[in-house]
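Comments concern the structure below.
Residue numbers (the numbering used here): 504 to 606.
Here you go:
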């Protein structure tokens with residue numbers, strides 16, 4: 504399945520956010536892949552971030568990562584940088600952007 508998300512960086516933390524993503528912990532990327540993610544791409548337009556996740560089951564992905572220590576640490580770091588964060592709770596599984604049009 505494909506899921507699109509929108510998050511937002513604090514305007515004064517863009518460089519820190521980009522630097523953090525140059526250093527994503529290998530343990531975290533391994534856990535994301537082990538949770539069924541084939542790819543996860545993030546685009547930035549100003550402070551707005553758009554994510555496209557290709558995964559087996561998004562709700563399952565969130566459930567697997569929500570309580571994982573490496574993800575908890577990563578999300579704490581991201582919360583310092585984001586105005587609008589990625590929701591890893593069960594309610595977050597319904598937070599994807601709706602599809603308006605496809606070709």
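Using N, Cα and C, we set each Cβ at its ideal position, and we do this for glycine too.
With burial defined as no fewer than 16 other Cβ atoms inside 10 Å of the residue's Cβ, what is the status of residue i: buried or exposed?
| i | result |
| --- | --- |
| residue 548 | exposed |
| residue 603 | exposed |
| residue 577 | buried |
| residue 532 | exposed |
| residue 575 | exposed |
Residue i to residue j, Cα distance in whole Å?
| i | j | result |
| --- | --- | --- |
| residue 535 | residue 568 | 7 Å |
| residue 581 | residue 539 | 22 Å |
| residue 520 | residue 560 | 26 Å |
| residue 606 | residue 525 | 32 Å |
| residue 542 | residue 586 | 24 Å |
| residue 517 | residue 588 | 14 Å |
Can you tell which of the options has the C-alpha that lies nearest to the C-alpha of residue i?
| i | options | result |
| --- | --- | --- |
| residue 558 | 511, 516, 544 | 544 |
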